[in-house]
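Undergrad:
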Amino acid sequence: MAKSIVVLSAIAMFLFAQVHAADPELVNDFAVPDGVDEGKLDGVFFTYTGLRGGAPSSTSGLGRKTVSVKDFPALNGMGLSLELLEFQPSSVNVPHTHPRGAELLFVVDGSLTVGTTDTNGKLYKNVLQKGDVFVFPKGLTHYQANFDKTNKAVAVSAFASSNAGTVSLPKNLFGSNVPDEVLTKAFKISADTLQQLKANNQN
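Under mature numbering (1 follows the signal peptide of the UniProt record, and there is no 0), the residues of the sequence shown are numbered -21 to -1, 1 to 182, in order.
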């Protein structure tokens, strides 16, 4: 119990420190959606129940459920959002970035290997266990992986933005219309290898 309180306090402090740089500051207690009578709001408005069923499964083995202002209007102006991540055995959250907010990841169950690279290309990695927390600075490339071949892993990420955004590097590079010549020269790969990478990263 004490450990949970410490973790939640750390997350709260992290979000408080980041919020001023991520989203406009509220001038009222909270933002009321257009067309809604504030006098009729109750605790239901501040409650999100969409995580009760867990994260939806996917063919990649990584299930994710994002809680942003689009799904949870009470987050409007709060400068924060949330994501539930469920990693099946041997699954990976591929290298990606969040251009609009830092991420604080809390391992709920299992073990995750995580890493982030800075602008000089240095890799900072660690193996996290249940109860551990790792921070991914805003805009830096990072990944998470469950290398356990038997057990799943579950994590919750808090973002210092109501919409941190996600740029998946494989899909962004090989699933877009970047000219082939640029990619073959940048990665020093053959045209055949490039076409295979493109085929594997179509939406």
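Ideal placement from N, C-alpha and C gives every residue a C-beta, glycine not left out.
Source: prediction; values computed, not measured.
If you follow the alpha helix (DSSP H) that residue 34 is part of, which residue opens it and which one closes it?
TA: Taking the first residue of the sequence shown as position 1, residue 34 is located at position 55. Counting along the chain, residue 34 falls outside any alpha helix (DSSP H), and DSSP gives it neither H nor E.
Undergrad: Would you kindly work out how many angstroms separate the C-alpha atoms of residue 105 and residue 15, rounded to a whole number?
TA: For the purposes of this step, residue 105 is taken as residue 126 along the sequence shown, with counting starting at 1. For the purposes of this step, residue 15 is taken as residue 36 along the sequence shown, with counting starting at 1. Roughly 46 Å between the two C-alpha positions.
Undergrad: Taking only three categories from DSSP, how would you classify residue 181?
TA: Your numbering for residue 181 matches position 202 in the sequence shown. In this structure, residue 181 counts as coil in the three-state DSSP scheme.
Undergrad: Report the three-state DSSP secondary structure of residue 200 (helix, strand or coil).
TA: Any property of residue 200 remains undetermined from this structure, which presents the chain solely from -21 to 182.
Undergrad: Suppose you measure from the CA of residue 128 to the CA of residue 68; what does that come to, to the nearest Å?
TA: Indexing the sequence shown from 1 puts residue 128 at position 149. Indexing the sequence shown from 1 puts residue 68 at position 89. Going by the C-alpha atoms only, they are around 5 Å apart.
Undergrad: I need the DSSP call for residue 83, collapsed to helix, strand or coil.
TA: As a first step, residue 83 must be located in the sequence shown, where it is residue number 104. DSSP places residue 83 in strand when its eight states are reduced to three.
Undergrad: My assumption, with CB atoms under 8 Å, is that residue 60 sits in contact with residue 7. Please give the rounded CB distance.
TA: For the purposes of this step, residue 60 is taken as the residue at position 81 of the sequence shown. For the purposes of this step, residue 7 is taken as the residue at position 28 of the sequence shown. Not quite, the Cβ-Cβ distance comes to about 20 Å (not below 8 Å), so this is no contact.
Undergrad: Can you give me the start and stop residues for the alpha helix (DSSP H) that residue 164 sits inside?
TA: In the sequence shown, the residue the question calls residue 164 occupies position 185. Segment 159 to 166, the alpha helix (DSSP H) holding residue 164.
Undergrad: Please state if the CB of residue 112 and the CB of residue 152 are separated by a distance shorter than 8 Å.
TA: Start at 1 with the first residue of the sequence shown, and residue 152 comes out as number 173. Start at 1 with the first residue of the sequence shown, and residue 112 comes out as number 133. No; because the gap between Cβ atoms is not below 8 Å, this pair is not in contact.
Undergrad: Out of 39, 29, 156 and 90, point me to the one whose CA is closest to residue 107's CA.
TA: Taking the first residue of the sequence shown as position 1, residue 107 is located at position 128. Of the listed residues, the one whose Cα sits closest to residue 107 is 90.
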